[in-house]
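All residue numbers for the sequence shown refer to the numbering used here, where the first residue is 4 and numbers rise by one. Backbone N, C-alpha and C fix where the C-beta goes; we use that ideal spot for every residue, glycine too. Since the structure is predicted, the reported quantities are computational estimates derived from the model, not experimental observations. Contents: one structure, followed by commentary.
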Amino acid sequence: MDVPCVLTQSSSVSLHRSVDISDEEEEVGGSQMEELRFVPLEDDGEAGPMCDIRALVGRYHHGYRRGCMLCLCGVAMFAAVCLSLAAFLLAFIVFSGRYHCSLFGGVGGEDEQMGGGANTPADTGAGLYLGELREMMRKLLQDEDIHNTVRTQTSSLQLVDSTGLVSEQIHLNPSDFCPYSATGNHTGGVVYANYGRPEDFNWLRSEGVSVVGHVVVMRVGGGVSFAEKVWLAERSGAGGALIYPDPADLPQDPRRLGLNSHTSVSEHVHLGSGDPFTPGFPSFNHTKFPPIQSSGLPLIPSLPITATVAAKLLSQLSGPLCPPSWRGRLPYVRCVLGPDFVSGRRVQMAVHNVMTPVLLNNIFSSLVGRVEPDQYIILGAQRDSLGPGAVKSGVGTAILLELARTFSVMVKNGFSPRRSLLFVSWDAGDFGNVGATEWLEGYLSMLHLKAVAYFSLDQAIMGDDLLSAYTSPLLVDLLDAAIKQVEHPKHAGQTIFSQAEREGGSWRIMKPLYLNSGAYSFTAFAGVPAMELRFTEERAYPFVNTPLDSLSRLQEVLGGRLGVTGRSLGELVGEMVLRLAHDHIVPLRITSYAQTVLQFSAKLNKHSVELQSRGLSPQWLFSARGDYSRAAETLQRAIDYSDLHDPTTARFYNTRIMTVEYYFLSQYVSVMETPFRHVIHGRGNHTLSALTEHLALLTSDPRRFDESAFRRQLALFTWTLQGAANALNGDVWAIHNTHTYTQ
């Protein structure tokens, strides 16, 4: 067994972050190089119970600030400007320019008569006396200029009257920002849009409330990310977006910690993942692609605001009343939609984010398999965060380190995995999983043959009660078996499975992958089965993406049970990794997607008469679904009746199984324009969800149903499914389709 080692891979990408002098000095410009370093993995001795997660988080958390600075010195990002430093540098340049202009304009020139005494020029003098220099400095150093320079470099929010004069300045925390927000100013009315979900904007439209040209105020949560909120607001015509945490969505139990009304939540607003200026291809240092802006970057400015600021704005609105379900718990706010202020004022927002390149470092550690070393089971966690990040990055990093140590010692004690284990610490996770996505983009053409599965440990512990698994359907059987083996962290003597069954069924644990998940890009972009596990409580953990996400608060929420909960989560992941590393045949449920398509087929059946009246037949899709289902079942039967101890046979079947997820990446859309090509989990018109939404228009709004567009959507989805069936079947001569064409 090879000795475990650590590989550090550096690459240059684009993110949002604060400017620093050291960053300017680190900028490499056109000179680029890739850095690969191998470092021995430390051995902490025998692997005992994984109960020191708390200590690991504490150790990681204690070194956060220094570690963050070291990491950020190296990735290409954009960020909100660091106020005092940027203002100082800019002011210095401006004033220096003025000084030289005045100097060369003849002030204190050589023809001026010199005197003596205290006004004697310095030895290095340029013909000016110290008193004259002092007077010149006082005249040129204008407090108004300093004020204006600082003001133009910071994000701001203010109320203006009908003439455009500022009537009230609203205080913002300079450290709060939305990475990837568009820069610029916007002035307009305010429209309240609840959570900023598609159904919220649709409701506003149906009620005749227009957001065009106005600033939209939305609540954190509702199942949509900041990026989705801003994108939907922009698509609806809004000129700006403000996002705040409403007390109605946060813990209200006075015995437990809650988010105070003066704290905002920060999150990036790029509707995508990875470097937004190299969509679809990697930002490795050896690449020389010109920058291409991602279509997911917003065109309107956005800011995170506190509940206090939101209450100040919403309490002054006039207009129609909100529906009851939209009412939050902001004090002194009578929930109305806007867009006008009672006083006739408007809101003016300004965002000034600055782009700067830095270096990104992903760190890899591997345990090489003995039979199929080129097949990898990958475990990863981000190690950066916008705040202290106990939940956002500390817990995941701690569990990752503990699992790496545990498996390393197991190998020394005789464990010999068939397949390799890869442990990865990702950089720039808080800017849209940049480190992971750039790596995926760099090896996209081969990952479906090498990556067996990916497990994300990001935000793994936000409570100790309810388990959620955001997962590809291919991993459902693996998880179902694992939760029957691991004890629940809060209910001693009971497995996670038995506790879930008591609370309504273990099926509730399984949830679909979501955009901001650390696992999402692996499946939706690269076609690798992925899962992100998380322990939570009924009440949301309120401190993620805030300056309050500290170890002490997490421990208080957990009642000091971080170590126990971390062990359960680590044991659960470890159980699945053991199966994947040990079994001759990769235990993935290859028939799972047939059921997903079957559910959609039932919806098509309900509209079959109307579709056929429009010349649209769903029969081809039904046929493709049947072909896929038969191919998957045939392959499963062949596996069941084969000699799996024969390495050649096992390799043959594993190769077929590992490519199943990849087959669902649409080959008919551009990876640069539509990076999430997966037809089930992806985003875009090629997906099953888009097809379902379009089909629903037949009932909800027939005038908006586009027959030509629907025919194209149906054809592309169907042929992707048929292609998956053909690839799974493996025999190119055994495809029975009738092909017709129009002359």
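| Asked | Found |
| --- | --- |
| Contact check, V576 vs F458, beta carbons under 7 Å | yes |
| Own chain partners of V227 with C-beta closer than 7 Å, once the 5 adjacent residues on each side are dropped | Y198, G199 and R200 |
| Through-space distance from T190 to L382, alpha-carbon basis | 46 Å |
| DSSP three-state assignment for S703, whether helix, strand or coil | helix |
| 6 Å Cβ shell around A407 - same chain, five flanking residues per side excluded | S368 and F426 |
| For E171, the residue or residues it bridges with in DSSP | L162 |
| Three-way DSSP call (helix, strand, coil) for L274 in this model | coil |
| Element boundaries [alpha helix (DSSP H), containing I642] | Q622 to D643 |
| 7 Å Cβ cutoff met for G341 and V193 | yes |
| S165 versus L324 - alpha carbon distance | 24 Å |
| contact_flag[the stretch 530-548, the stretch 690-708] where n(CB pairs < 8 Å) is 3 or more | no |
| Proximity of S184 and V214 at Cβ, strictly below 7 Å | no |
| Spatial distance of G275 from A439 (CA atoms) | 13 Å |
| Alpha-carbon spacing of W234 relative to S524, whole angstroms | 19 Å |
| Contact under 7 Å by Cβ, A313 with Y247 | yes |
| Cβ-Cβ separation, S305 to H273 (assumed contact under 8 Å), whole Å | That belief does not hold up - the Cβ atoms of H273 and S305 are roughly 11 Å apart, past 8 Å. |
| Buried/exposed call for R680, threshold 16 Cβ in 10 Å | buried |
| Residue span of the beta strand (DSSP E) that contains I535, given as start and end | It should be noted that the sequence gives Glu, not Ile, for residue 535. Run containing E535: A533 to T539, per the beta strand (DSSP E) assignment. |
| Of the residues S178, W510 and T723, the one placed nearest K487, counting alpha carbons only | W510 |
| Residues near L748 in its chain [Cβ-Cβ closer than 6 Å; skip 5 each side] | Past the boundaries of the shown model lies residue 748; the chain is included only from 4 to 746, so the question cannot be answered. |
| Contact belief for P420 with R386 at Cβ below 8 Å, rounded distance in angstroms | Contact flag wrong, Cβ pair sits at about 25 Å. |
| Residue burial classification, P327 (beta-carbon count within 10 angstroms, cutoff 16) | exposed |
| First and last residue of the uninterrupted beta strand (DSSP E) at M221 | V218 to R222 |
| Cβ-Cβ separation, R659 to L724 (assumed contact under 8 Å), whole Å | Actually they do not touch by this definition, with Cβ atoms about 17 Å apart. |
| Short Cβ contact (7 Å threshold) for V437 with D278 | yes |
| With 16 other Cβ atoms within 10 Å as the buried cut-off, status of Y446 | exposed |
| Coarse secondary structure for D377, derived from DSSP in three states | strand |
| Residue nearest to F434 in terms of C-alpha spacing, selected from A456, L389 and F720 | L389 |
| Terminal residues of the beta strand (DSSP E) in which F426 lies | R422 to W429 |
| CA-to-CA distance, T186 to Q35, given in whole angstroms | Only weak support exists for where Q35 lies, its pLDDT of 34 falling under 50; the coordinates are left without a value. |
| Cβ neighbour criterion (16 or more within 10 Å) applied to S711 | exposed |
| Q716 - DSSP class collapsed to helix/strand/coil | helix |
| Separation of D343 from H174, as counted between CA atoms | 21 Å |
| Residues that DSSP places opposite I464 in a beta bridge | F538 |
| F667 beta carbon less than 7 Å from that of A727 | yes |
| Residue closest to L362, alpha-carbon to alpha-carbon, out of A431, P532 and V212 | A431 |
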